[in-house]
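K.L.:
Okay, handing you the structure first.
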C-alpha cells in the first residue's frame, strides 16, 4: 500500500502550529470516541479480495499508527507528505539511496558524526563521493559543486559548533543545477524552523531527540514538499523496510503535542546559560546562536523563529582528560550521547558524538579536545548553572 494519499493530508491553514501538533493525526477514534488514537500493532491486514487491496495490507508498507504520525509531521513541516523511519540514520540513508555510483555529495563540515560516517565509510562503497565544506560560506559550497554533484546536505544548526547556513542561498545555488537539497533540522525542530518554506527539498529529523522529547524511543523522519519526490522516498523506504514501529510512532506523536512548549522553554534556559558561560573565567569560548558574538547571529534571528535552540557548545582551555573530568563531574547533566529531551545532557564531542570523524578532520573542523556540548533540558536555569559551576571548579 502506498502511503502517499493518507500522509499528504494537511490541516486548515488558520490553525496554529501548536494546535495542529495536538489535533492533526490525532482525530477521535470513530469506534470508541477515544481522544487518543489506539496503537495498531497488527503486522498484516485482511484484504477484501484476492488482488483487491484495502488501505493497509502489511505494516512495512503502511500502518495506521505510523500514518497518523506522518500526517502530523507533514502538517507541521508544511509539506505534502512525511515518512517515519526506525532511526535518524535510516532516514538519511534513505535519502542517499536516491543516488547512484559516481554521484557526488556536498555536505557541511559542521556535521553529526553518524552522518559523517555514513557518507565517508558506507556510501563510498557504492562509489558515491563527498566533499565537506563550511556551509555558511556560499562561495565554498559553489566551488565544491561539480558536474556529478546530486545532493547538498546541510544542518539547520550545525553539530557540534552550531553554525547557521543560509538555506535560501543553498537552494538558489542548487535549483538551477537540478541538485537535490536536504537539511537535518534536528537541532532547530519545526517549532523554530521549517526549511521546506525556505525552498529545501527534504527536511530530516532524528525523532529520537526533540520530536519524541523524553529519551524513550528511537526514530527518524523525512518530510518533503514535492509529491514525486515523496513517492520516490516512500518506494525506497518500503523496499528496504526501515520503518518506525507502532509503539515508537505513538511516543513521537505524544511528544509532538508538547514540542512547541518544550523547545521554547529549553531555548530560554540555554540562552541564560550561554550568557553566564561567556563570562566564566575558565571558559575559552561559547558557541550559541543567540549570542551577538556568534558568527551567524543575525542570520539565526531570521532563520529561527521564537528562540535560538537548546543546544549549547563551549570550549575549555584544557586537555582532553581535563575536559572529560568536567563532563564526568556533573550531577544534573547526564553524561550521554543524544539530545533534545526533558533532562539535560553533557558530552565531549571528540570522544563521543564525533569520535567517528577521522582525527585529522576533527582538528580541521574545530572539534577540539576542550569542546563540550550541552543539551539543555527543562530543569531550572539556577540548578543547571550551579551544576556546571561545581563541575568546572572540581575538575
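In the working numbering, the protein residues as written are 691 to 1085. For glycine and all other residues, C-beta sits at the position ideal for the given N, C-alpha and C.
Which residues in the same chain have their Cβ closer than 6 Å to the Cβ of residue 876, if we skip the five residues on either side of it in sequence?
P.N.:
Reading the chain shown from its first residue, position 186 is the one you call residue 876. Only 895, 896, 899 meet the Cβ criterion.
K.L.:
On the CB-based measure, 16 or more other CB atoms within 10 Å of its CB, does residue 743 come out buried or exposed?
P.N.:
Numbered from 1 along the chain shown, position 53 holds the residue referred to as residue 743. Residue 743 is exposed by the Cβ-count criterion.
K.L.:
Whole-angstrom Cβ separation of residue 886 and residue 798, contact assumed at under 8 Å?
P.N.:
For the purposes of this step, residue 886 is taken as residue 196 along the chain shown, with counting starting at 1. For the purposes of this step, residue 798 is taken as residue 108 along the chain shown, with counting starting at 1. Not really, about 18 Å apart at Cβ, beyond 8 Å.
K.L.:
Only counting the same chain, and skipping five residues up and downstream in sequence, which positions put a Cβ closer than 7 Å to that of residue 859?
P.N.:
What you label residue 859 is simply residue 169 of the chain shown in a count that begins at 1. Cβ within range, chain order: 828.
K.L.:
Can you tell me whether DSSP reads residue 1071 as helix, strand or coil?
P.N.:
Here residue 1071 refers to the residue found at position 381 when the chain shown is read from its first residue. Reduced to three states, the DSSP call for residue 1071 is helix.
K.L.:
So, with DSSP's three-state summary, where would you put residue 739?
P.N.:
Walking along the chain shown from the start, residue 739 turns up at place 49. Here residue 739 sits in strand by DSSP.
K.L.:
By a C-beta neighbour count over all protein chains shown, 10 Å radius and 16 as the cutoff for buried, is residue 974 buried or exposed?
P.N.:
The residue labelled residue 974 in the question sits at position 284 within the chain shown. Answer is exposed; the Cβ neighbour count stays below 16.
K.L.:
For the beta strand (DSSP E) containing residue 976, name the first residue and the last one.
P.N.:
Here residue 976 refers to the residue found at position 286 of the chain shown. 973–977 is the extent of the beta strand (DSSP E) around residue 976.
K.L.:
Nearest to residue 840 by CA position, among 780, 869, 888, is which residue?
P.N.:
Counting from 1 along the chain shown, the entry for residue 840 is found at position 150. If we check each option's Cα against that of residue 840, 869 comes out closest.
K.L.:
Grouping DSSP H, G and I as helix and E and B as strand, with all else coil, what is residue 745?
P.N.:
As a working mapping, residue 745 is identified with position 55 in the chain shown. In this structure, residue 745 counts as coil in the three-state DSSP scheme.
K.L.:
Given that a residue counts as buried once 16 or more other Cβ atoms are within 10 Å of its Cβ, and exposed if not, what is residue 1084?
P.N.:
Locating residue 1084 in the chain shown gives position 394, where the first residue counts as 1. It is exposed - the Cβ of residue 1084 has fewer than 16 other Cβ atoms within 10 Å.
K.L.:
What residue from 905, 890, 925 has the CA that sits closest to residue 913's CA?
P.N.:
Here residue 913 is taken as the residue at index 223 of the chain shown, counted from 1. Residue 913 has its Cα closest to that of 890, out of 905, 890, 925.
K.L.:
What does the alpha-carbon distance come out to for the pair residue 1045 and residue 1037?
P.N.:
Numbered from its first residue, the chain shown carries residue 1045 at position 355. Numbered from its first residue, the chain shown carries residue 1037 at position 347. Going from the Cα of residue 1045 to the Cα of residue 1037 covers about 11 Å.
K.L.:
Apply the 10 Å Cβ neighbour rule to residue 979 and answer buried if 16 or more other Cβ atoms are within range, or exposed otherwise.
P.N.:
Within the chain shown, numbered from 1, the residue matching residue 979 stands at position 289. With 16 or more other Cβ atoms within 10 Å, it is buried.
K.L.:
Restricting to Cα atoms, I'd like to know which of 747, 903, 960, 971 is closest to residue 942.
P.N.:
By 1-based counting over the chain shown, the position of residue 942 is 252. Looking at the Cα atoms, 903 is the closest of the given residues.
K.L.:
Excluding the five sequence neighbours on either side, which residues of its own chain have a C-beta within less than 7 Å of the C-beta of residue 1022, listed in chain order?
P.N.:
Residue mapping note: residue 1022 aligns to position 332 of the chain shown, counting from 1. Only residues of its own chain outside the window of five on either side were considered, and among them 1034, 1069, 1073, 1074, 1077 have a CB closer than 7 Å to the CB of residue 1022, listed in chain order.
K.L.:
What's the gap between the Cα of residue 861 and the Cα of residue 740?
P.N.:
Here residue 861 refers to the residue found at position 171 when the chain shown is read from its first residue. Here residue 740 refers to the residue found at position 50 when the chain shown is read from its first residue. Residue 861 and residue 740 have their C-alpha atoms roughly 46 Å apart.
K.L.:
Could you give the distance in angstroms between the alpha-carbon of residue 755 and the alpha-carbon of residue 935?
P.N.:
For the purposes of this step, residue 755 is taken as the residue at position 65 of the chain shown. For the purposes of this step, residue 935 is taken as the residue at position 245 of the chain shown. The straight-line gap from Cα to Cα measures roughly 9 Å.
K.L.:
Of all the options 786, 781, 729, which has the alpha carbon lying nearest to the alpha carbon of residue 758?
P.N.:
Numbered from 1 along the chain shown, position 68 holds the residue referred to as residue 758. That would be 729, whose Cα lies nearest to the Cα of residue 758.
K.L.:
In three-state terms, what does DSSP make of residue 1004?
P.N.:
As a working note, residue 1004 is residue 314 in the chain shown. Residue 1004: strand per DSSP, three-state reduction.
K.L.:
Does residue 704 pass the burial test, meaning 16 or more other C-beta atoms within 10 Å, or should it be called exposed?
P.N.:
Your numbering for residue 704 matches position 14 in the chain shown. By the neighbour-count rule (16 or more Cβ atoms within 10 Å), residue 704 is not buried but exposed.
K.L.:
Who are the Cβ neighbours of residue 1018 in its own chain at under 7 Å, not counting the five residues just before and after it?
P.N.:
Locating residue 1018 in the chain shown gives position 328, counting from the first residue. So the qualifying residues of the chain are 1025.
K.L.:
Less than 8 Å between the beta carbons of residue 842 and residue 990, yes or no?
P.N.:
By one-based count along the chain shown, residue 842 stands at place 152. By one-based count along the chain shown, residue 990 stands at place 300. No; because the gap between Cβ atoms is not below 8 Å, this pair is not in contact.
K.L.:
Applying the 10 Å Cβ sphere with the 16-neighbour rule, what's the burial state of residue 696?
P.N.:
Within the chain shown, the letter at position 6 stands for residue 696. Because residue 696 carries a pLDDT of 41, less than 50, the predicted location of this residue cannot be relied on, and the following value inherits that uncertainty. Buried, because 16 or more other Cβ atoms sit within 10 Å of the Cβ of residue 696.
K.L.:
Can you check the segment 826–857 for any alpha helix (DSSP H) of at least 4 residues that lies completely inside it and give the ranges in chain order?
P.N.:
828–834
K.L.:
Tell me whether residue 999 sits in a helix, a strand or coil according to DSSP, three-state version.
P.N.:
The residue labelled residue 999 in the question sits at position 309 within the chain shown. In the structure shown, residue 999 sits in coil (DSSP, three-state: anything other than H, G, I, E or B).
K.L.:
With a CB to CB cut of under 7 Å and the five nearest residues on each side skipped, what residues in its chain are close to residue 976?
P.N.:
The residue given as residue 976 occupies position 286 in the chain shown. Cβ neighbours of residue 976 beyond the five flanking positions: 964, 967, 968, 1004.
K.L.:
Under 8 Å, do residue 748 and residue 762 count as touching if we go by C-beta distance?
P.N.:
By one-based count along the chain shown, residue 748 stands at place 58. By one-based count along the chain shown, residue 762 stands at place 72. No. Outside cutoff.
K.L.:
Give the C-beta separation of residue 1043 and residue 850 to the nearest angstrom, bearing in mind that I take them to be a contact with Cβ-Cβ under 8 Å.
P.N.:
Position 353 of the chain shown, counted from the start, is the residue given in the question as residue 1043. Position 160 of the chain shown, counted from the start, is the residue given in the question as residue 850. Going by Cβ atoms, the distance from residue 1043 to residue 850 rounds to 7 Å, so yes, they are a contact pair.
K.L.:
Would the beta-carbon of residue 794 fall within 8 Å of that of residue 838?
P.N.:
Here residue 794 refers to the residue found at position 104 of the chain shown. Here residue 838 refers to the residue found at position 148 of the chain shown. Going by C-beta atoms, residue 794 is nearer than 8 Å to residue 838.
K.L.:
Please report the residue range of the alpha helix (DSSP H) in which residue 950 lies.
P.N.:
Along the chain shown, one-based indexing puts residue 950 at 260. Where residue 950 is concerned, the enclosing alpha helix (DSSP H) stretches over 949–967.
K.L.:
Helix, strand or coil, according to DSSP, for residue 795 in the structure here?
P.N.:
Position 105 of the chain shown, counted from the first residue, corresponds to residue 795. Correct three-state label for residue 795: strand.
K.L.:
Where does residue 952 land, buried or exposed, given buried means 16+ other C-beta within 10 angstroms?
P.N.:
Reading the chain shown from its first residue, position 262 is the one you call residue 952. Residue 952 should be labelled buried.
K.L.:
Near residue 784, which residues of its chain fall below 8 Å by C-beta distance, leaving aside the five closest residues on each side in sequence?
P.N.:
Stepping through the chain shown from its first residue, residue 784 is reached at position 94. Same-chain partners within the cutoff: 773, 775, 912, 923, 926, 927, 930, 932.
K.L.:
For residue 940, I'd like the list of residues in its chain whose CB is within less than 7 Å of its CB, leaving aside the five on either flank, ordered along the chain.
P.N.:
Position 250 of the chain shown holds residue 940. So the list reads 729, 755, once near-sequence residues are dropped.
K.L.:
For residue 938, I'd like the list of residues in its chain whose CB is within less than 7 Å of its CB, leaving aside the five on either flank, ordered along the chain.
P.N.:
Position 248 of the chain shown, counting from 1, holds the residue named residue 938. Same-chain partners within the cutoff: 907, 908, 909.
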